[in-house]
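So for the sequence shown, our numbering puts the first residue at 841; every next one is plus one. Reading through the structure tokens given below for one structure.
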Amino acid sequence: MMSVTAALTIIAIVMILLLLIVAVTAAVLVRTSLRLERLLARAEQDVGPLIFDIKVALADIRRMTQSGRVQMQRVDYTLKYLSDAVLDASDAVLRPVQELRTWYRAIGTGLRYFLRRR
């Protein structure tokens, strides 16, 4: 049989080995977290200007689309005005022509009527 001292020695050795494994794992985890922190800081430094450039580009795009929308509204209003002006002008030109056609038909009808009665 084992003596109590030998059992305690074995338990102590196993505990020291477990403590050594935990210490090594903790050291590896701390080292990895420090590396990740440095990597994230470097990535943030590299990506920071890019994010700023993207924000500036998005603001420029927003400004251009708003300006384009305003310009398109102006063109639309101008085209509507021109369309109305062209319709009014064509009515002004065609109305006398239509009246002349009506008078011509009336005269033709009247002449036919009087020529038949003779």
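Cβ atoms here follow ideal geometry from the backbone N, Cα and C, with glycine treated the same way. None of these values were measured; they are calculated from a predicted model.
Straight-line CA distance for Leu859 to Ile894?
-> 50 angstroms
Inter-residue Cα distance where the pair is Arg945 and Leu927 | 26 angstroms
Roughly how many angstroms separate the alpha carbons of Ala867 and Ile861, rounded to a whole number?
-> 10 angstroms
Over what stretch of residues does the alpha helix (DSSP H) that includes Ser930 continue unbroken?
-> 844–957
Just the Cα atoms here: how many angstroms apart are Ala929 and Arg935?
-> 10 angstroms
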